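To start, the structure itself, in structure tokens.
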Amino acid sequence: MKPVARGYASDKTGLPPGSLVHVGQVRETETTVSVIDYSRDGFAEPGFTSVDQLLPFRDSGTVTWVIVEGLADVETVKQIGALFGIHQLVLEDILNTHQRPKFEEHDDYLYIVLKGMLAANQEFSVDYEQISLLVLENIVFTFKEKRDDLFRPVLQRIRTSRGRFLDLGTDFLTYSILDAIIDQNFVLIDALDETITAIEEDLLAGEPGSETLNTIQRVKREIVGVRRYVSPIRDLINEMLRCESGLIDERTQIYLRDVSDHATRVVESIELHRDIISGLLDIYISSVSNKMNEVMKVLTIFASIFIPMTFLTGIYGMNFEYMPELKMRWMYPAMWVIFLTTPTVLLLYFRRKKWL
Amino acid sequence: MKPVARGYASDKTGLPPGSLVHVGQVRETETTVSVIDYSRDGFAEPGFTSVDQLLPFRDSGTVTWVIVEGLADVETVKQIGALFGIHQLVLEDILNTHQRPKFEEHDDYLYIVLKGMLAANQEFSVDYEQISLLVLENIVFTFKEKRDDLFRPVLQRIRTSRGRFLDLGTDFLTYSILDAIIDQNFVLIDALDETITAIEEDLLAGEPGSETLNTIQRVKREIVGVRRYVSPIRDLINEMLRCESGLIDERTQIYLRDVSDHATRVVESIELHRDIISGLLDIYISSVSNKMNEVMKVLTIFASIFIPMTFLTGIYGMNFEYMPELKMRWMYPAMWVIFLTTPTVLLLYFRRKKWL
Amino acid sequence: MKPVARGYASDKTGLPPGSLVHVGQVRETETTVSVIDYSRDGFAEPGFTSVDQLLPFRDSGTVTWVIVEGLADVETVKQIGALFGIHQLVLEDILNTHQRPKFEEHDDYLYIVLKGMLAANQEFSVDYEQISLLVLENIVFTFKEKRDDLFRPVLQRIRTSRGRFLDLGTDFLTYSILDAIIDQNFVLIDALDETITAIEEDLLAGEPGSETLNTIQRVKREIVGVRRYVSPIRDLINEMLRCESGLIDERTQIYLRDVSDHATRVVESIELHRDIISGLLDIYISSVSNKMNEVMKVLTIFASIFIPMTFLTGIYGMNFEYMPELKMRWMYPAMWVIFLTTPTVLLLYFRRKKWL
Amino acid sequence: MKPVARGYASDKTGLPPGSLVHVGQVRETETTVSVIDYSRDGFAEPGFTSVDQLLPFRDSGTVTWVIVEGLADVETVKQIGALFGIHQLVLEDILNTHQRPKFEEHDDYLYIVLKGMLAANQEFSVDYEQISLLVLENIVFTFKEKRDDLFRPVLQRIRTSRGRFLDLGTDFLTYSILDAIIDQNFVLIDALDETITAIEEDLLAGEPGSETLNTIQRVKREIVGVRRYVSPIRDLINEMLRCESGLIDERTQIYLRDVSDHATRVVESIELHRDIISGLLDIYISSVSNKMNEVMKVLTIFASIFIPMTFLTGIYGMNFEYMPELKMRWMYPAMWVIFLTTPTVLLLYFRRKKWL
Amino acid sequence: MKPVARGYASDKTGLPPGSLVHVGQVRETETTVSVIDYSRDGFAEPGFTSVDQLLPFRDSGTVTWVIVEGLADVETVKQIGALFGIHQLVLEDILNTHQRPKFEEHDDYLYIVLKGMLAANQEFSVDYEQISLLVLENIVFTFKEKRDDLFRPVLQRIRTSRGRFLDLGTDFLTYSILDAIIDQNFVLIDALDETITAIEEDLLAGEPGSETLNTIQRVKREIVGVRRYVSPIRDLINEMLRCESGLIDERTQIYLRDVSDHATRVVESIELHRDIISGLLDIYISSVSNKMNEVMKVLTIFASIFIPMTFLTGIYGMNFEYMPELKMRWMYPAMWVIFLTTPTVLLLYFRRKKWL
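Chains as they are written, first to last, in my numbering: chain C, 2 to 357; chain W, 2 to 357; chain G, 2 to 357; chain X, 2 to 357; chain S, 2 to 357.
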């Protein structure tokens, strides 16, 4: 999966604004909805039957978390929008998975969209997933593109926590979700770190081949892609902190600031690795140069030693009638002396020039 | 068509400010004017006969959209300016197609100018077109350099929509036009993406030739050119949002912010692709180095194997009278043994050095 | 002429501040003064005799434009300063032609200094000229280093215009002068564009020689130099717009904003061309690499074909007594077969490697 | 030790926020606690037995400094937190040693976290250590990862100072600690300076080998890592200066500003060295090129001299029956004349081309 | 002298803050103190005997300028500090010559520290000197590291001026001193300009050797060093302009702004030269490539001409019994025809390829 979705970015071009169409790459995931409802008195996970069933939770006084996984079923999103008074453009953004992270404050709810990122495999390629949050007074809706374990720590906590957590409102749930999403990035950075270490070892040890170059370029692209989705998160949270909506309690702010710190650390790590990977490219180029240098030296050494001596044999291979040396008995052994000392002298010369 | 218009930027130099002259490259397009008038009660497309005919629409209470395609007919623009009280400098800007995107708030109207961009062909070259909007209370004038389908989605919507759209004022029409123009950029980015993928495949598969280099350079130039016209759009819309003119309704602001988000996404994609194309240049240069390395290795292998053996044949090609080896019967076969083992040994050596 | 004046920047070092000395390169231009006086009722061009003659214009109610060309005659500047109450440091700045563009608001007058730039010849070298404006209530003084046609369009306009222009005050005259100076830059950019196109064609077509490299470096320097004087102009005009002096009428502000837009366009064009010229350097370096690659291929092809065959001839040039092949009648023709097939095989091999 | 801790950044991923776990690399250091208590009347160093023992110091009116070295004993930190009302997230940050430098103002205390940096050895590798400060009205807690001499100058001063120092509050102690930490960076910069000088001498004198390249790359990475922890310190102190907490006396501000100046100097030195090390990479690459150039020249000189002469010997080694020169007595000496003059001529030619 | 003082930056590490120790490189300069006292009524230069002697000048109503040259004598600085109520940290900064330019407003005095820079010799190496100013109501103290002519123009002016200058207060004296220091930078820039021109000529004319590379690198380092001390000066003066101390008269502000303009010009020149020197490095690298290209061409031409012909001679040097050509009388002359035409053909081919 590439950081730039191919062939999809323009899928909605030409449609009137406000059209609810799912735009994205993950079309096959079937839409499932889970509901968790909790309060100081405990939690419940009622099965989901229809959107209408969610309406009573709005005014129940408990915190309800609705997790929609898979965006193929546009109808569900549409119904939630209609029932809870969500703006058409917000619904559109939820369904179009090319959003950049942003925060919007609406009259009765907050809209947050960002990217969940998972290291897809050993070689640092990243799986992106758009996650939208609608924060109402008593309900948090989350819309995910895929079905995965990203929210497991939060669910775990609700299921096992006693007291404090369950006591807090939707803002604290929102914080916990954001925290889970961003903490996932540290796993990503560790994967990135390992990949870069592997490249470094390749460069130092073996032959710098064109695959190394391709890996460097690929990792660079992935880093650029990740940075694009991580760096707006600080702004997003700062806007949340500044927003005057009553939906975010003052006590939650310190937690959000903590998430912001984490996001900053992720961004700085990304930048750091970007610098390092650029440095690796320089090393790669230098390695190729060094290699060529070495090849040239071998050629030069061979040619410089044997070409002059071949010339010498050429001289006494000439057929002139009057070549007095040809008669001299000691000439041939003398030639061998030359043939053996010349290379020695040249090799010493090359050694002094530090070519050997 | 180049991002920098050649030989035209200075066309007006020396003329007094305020002179109405069409400055641009697309001179041949004949000027045509279309008029669309709509309200809650339906829409009409009266044919255009003269500018005077437009005057009644000013106070009609319906929304009127006047589309001027082709700017060669300066007279029409002049008359519109005179009839609707447009400032001389604004008219000048409409006619001079070297404007950068900007927003100006005047007493009775808003002036918006930006660039429509269409991918001209498969190889990512871009067709630019300057589009000016004059937003009055009941009329929106759009001035386009060329005749194309850029506005089709908006027209479609007016023609087919029932109710809501037709109910809204000129500000919503303005939004719809801006949205159509900017959404077109996503098509552009997809074309760019394809071009870059093609270059990458060229680099990985075949020979990096100088055409590849030229393509990279050309795409880089186009990207720089596109960025130049896209990046001011965010500012443009922010100014629209900040402006206190009564011409933009509060309800439209959320839509404009959506357009601003789209513009941001376009800019970020452009930046991303710019980084990638710079990386491709590095890969190209490395490929050339790698190639030369390979050529050098072939030369060195050939030379290192045959030059020493040629020297050996040279020795026994000498004509000295006293060369005892020449008489030895086993010498010649022995030479053949040397001739066959030397290459083997050297080839093993080169293999160990990973040259083969 | 270099963007950095050699040997002059430190000419005033050591002099007490406020010393009126002309510092600059253009010393030979004789100082001439022209006066134009206009109002709604027409215009007059009285000959200039002495500075004292200018005093009545101060309170005359007409707009007077005093053009001083050539700065060698320090005395004239001094007298103007004394008569019209100009600050010593301003006079100093007028005479020292190493100023960067700036705007200063004084009690009774405005001081503007910027650079006029003219393309000196075909190959994009730029002639700089410092232009200072002193804007008083009824008089505008302009001080130019050289005598040229930069102000011709403004003069033309005054001489031919009826009504409107002549009706406006010194602020509009100031605008017209600034507009003329900045519009001249578009000519410069066209020259730059042509130069770059020529370099590009050189690079694509012929041999990349060291002159190409020098041209690229020279153009780069000129661009850096031009940018240095163009980029502060936006700030300059923004300060003019913000200044609360009564000398700038509100109606003139829209015109100044237009000039600011032009300056922005110039700066962006300059930046664009800077990017392009940097890209050309990359292409140049790649071309040199490509060229070397080609040379290496020729060498390798020649050497790889003939060195092995020469070795073969060497074998049968040896003088061993027992070389059975020498007696075989078919050996010699067989050798020719080898001599003819070896190159063919190798050439096919090189062709498959795409070296040919 | 790498600037990016490998395998640890994600250690806490999946844990609920607020979990107190020590995350870091230095796990083996046993936790020790020292207590220093001083006032105008002298100082005392009571041994540490339990956290409860610290409570009376809170309201004692003397200044108490509690130094916790080693973070393995989570329990101690937890107890301090409970006893002095420190927020859960702050305790978490103290224990997780991947924090970036920051300042937080809480109701009753200030929280400062930054990195102590020590040059680990001769070759500029850096030892990082996270240091957290909790500043209460009468107590300062410092949490260090390791046991080292970083605080020795401050301790020295308390133990030997009479009067003034002991008279001042926890804010001045805080300043002294920050000053000690940042002054340590100058030692680091001197080490960096020496390392760079060594690289420069290597480059100028000997052979640029791949170890030099690796050193350059390593130093670059370390610089990037150091910069990451130094550059936020200015902001940190600016926030301290802006904070309206009563915990920082106005008289201490000038001292904090001095620390800020030092931090700025450190950052600028780091940037300066970063520029220099980038320049060294350019020099390295040029050196490799120069070297290859030299190798090529040797090859070319040898080949150009001997290949033509070998051809000449080849001519008279041919076995044609009718080769009149073979009979000429003076031919062979004439050949020797050619063999001796050709190299001389070519060597002069190469000298003129400045190859020798 | 390097922009980074080696081995001294950390000299004070470990000392308690506020310790008065001279930290710097210029220890040998003996401390001398000169006093100049002037007012409307003339000036006097009383010899300096002791610091106590200066006290009466504080309230005398005249302007007194105390110049301390050489900082080895810590005691004098200490006494001045004690007598005139200067903060301990300011005294420390005066003595520690690693300060970056800054401005500090204290209750009764202003503290300014910046660097005097002198071109040390022909090859653009810079001599730095820290200059501190203490501006009191009636006294200006200047502390210089070295004894040189930097202040000569100001002294000259005091000694020769009648009236105006002597009439103004310590703020105008401060301005004059700053002006003298900054104007000195223009001399520096001229030296830099000459050095760069020399490098350019070297590159264009002769052989690009490794000394050229070293000079480029050295100049780059010096530029980075100079920029570091020049660029904060604008901020410094802006802070002076903003400060509300009564010590700076409103009439002096225009002069300070003039100094700020000069500083801006210096910074821009420095940036410009930095761009140019970076371009020179590119040219250097390209020159090396071009050179190698040329060497390769010579090798290839020689090898391509003689290797095939040597092969030909090899053929007829073989000793096969049945080689009919050997008997043919015209064969040998025919060979010579080949030997003479082959080079001609190849040379024409290479000429067409523009290798010659």
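We treat Cβ as the ideally placed atom computed from N, Cα and C, and that holds for glycine. Fair warning: this is a prediction, and the values are worked out from it, not measured in the lab.
Taking the CA atoms as reference points, C/Ile255 sits about 11 Å from C/Ile238. S/Thr98 carries a coil assignment under DSSP once its states are collapsed to helix, strand and coil. Just so you know, the alpha carbons of S/Thr198 and W/Val141 end up roughly 59 Å apart. With fewer than 16 neighbouring CB atoms inside 10 Å of its own CB, G/Glu212 falls in the exposed class. S/Tyr230: member of the alpha helix (DSSP H) spanning Ser211 to Arg243, first to last residue.
Close to S/Lys298, with beta-carbon spacing below 8 Å, are these residues of chain G in chain order: Val296. Neighbours of W/Phe312 in chain C, taken as residues at a C-beta separation under 7 Å, are given in chain order as Phe307, Met310, Thr311 and Thr314. Judged by DSSP secondary structure, S/Thr342 falls outside any beta strand (DSSP E) and instead within the alpha helix (DSSP H) spanning Met332 to Arg353. Between X/Asn139 and X/Asp60, the C-beta spacing is below 8 Å.
Ranked by Cα distance from W/Leu119, the options W/Leu111, W/His107 and W/Ile132 are led by W/Ile132. DSSP places X/Thr314 within a helical segment (H, G or I) once states are collapsed to three. In summary, no residue of the segment 128-145 of chain S has a CB separated from any CB of chain G by less than 9 Å. W/Gly82 carries a helical assignment under DSSP once its states are collapsed to helix, strand and coil.
A direct Cα-to-Cα measurement between X/Phe125 and X/Ala304 gives close to 46 Å. Taking S/Lys79 as reference, the option from S/Ile95, S/Leu300 and S/Lys145 with the minimal CA-CA separation is S/Ile95.
Annotation for S/Ile217: Ile200, Ile278, Leu281, Leu282 and Tyr285 place their beta carbon closer than 7 Å to its own, counting only its chain and skipping 5 residues before and after. Between X/Leu248 and X/Asp172, the gap from beta carbon to beta carbon is short of 8 Å. Note that the C-beta distance between W/Phe44 and W/Ile159 is below 8 Å. In this structure, the straight-line span from the alpha carbon of C/Phe85 to that of C/Tyr112 is close to 13 Å. Taking 8 Å as the threshold, the shortest C-beta distance from W/Leu90 to chain G falls below it.
Residue-level contact by beta carbon fails for S/Arg353 and chain G, as no gap is shorter than 8 Å. Contact annotation for C/Gly226 against chain X: no contact, minimum CB-CB distance about 20 Å [criterion: below 8 Å]. The residue from W/Gly315, W/Leu135 and W/Met310 with its alpha-carbon nearest to that of W/His88 is W/Leu135.
For G/Val188, there is no enclosing beta strand (DSSP E); the residue is found in the alpha helix (DSSP H) stretching over Thr171 to Ala206. Under the DSSP definition of a beta bridge, X/Asp128 partners with X/Leu119. For W/Val155, the enclosing alpha helix (DSSP H) has its first and last residue at Arg153 to Thr161.
Runs of alpha helix (DSSP H) with 4 or more residues, each lying fully within the segment 43-80 of chain X, are absent.
For a Cβ distance threshold of 7 Å, nothing in chain X lies close to C/Thr216: the least Cβ distance comes to about 17 Å. Checking the DSSP bridge columns, you'll see C/Leu135 partnered with C/Tyr112 and C/Phe142. Interface flag for C/Tyr333 against chain W is set, since a Cβ pair is found closer than 8 Å. A residue is called buried once 16 or more other Cβ atoms fall within 10 Å of its Cβ, and C/Thr77 is buried on that count. With respect to C/Val34, C/Val75 sits apart: the two C-beta atoms are not nearer than 8 Å. In the structure shown, the three-state DSSP call for S/Asp149 is coil. Going by DSSP, G/Ser246 is part of no beta strand (DSSP E) at all; its letter is neither H nor E. Burial check for G/Ile339: the Cβ neighbour count within 10 Å stays below 16, so the residue is exposed.
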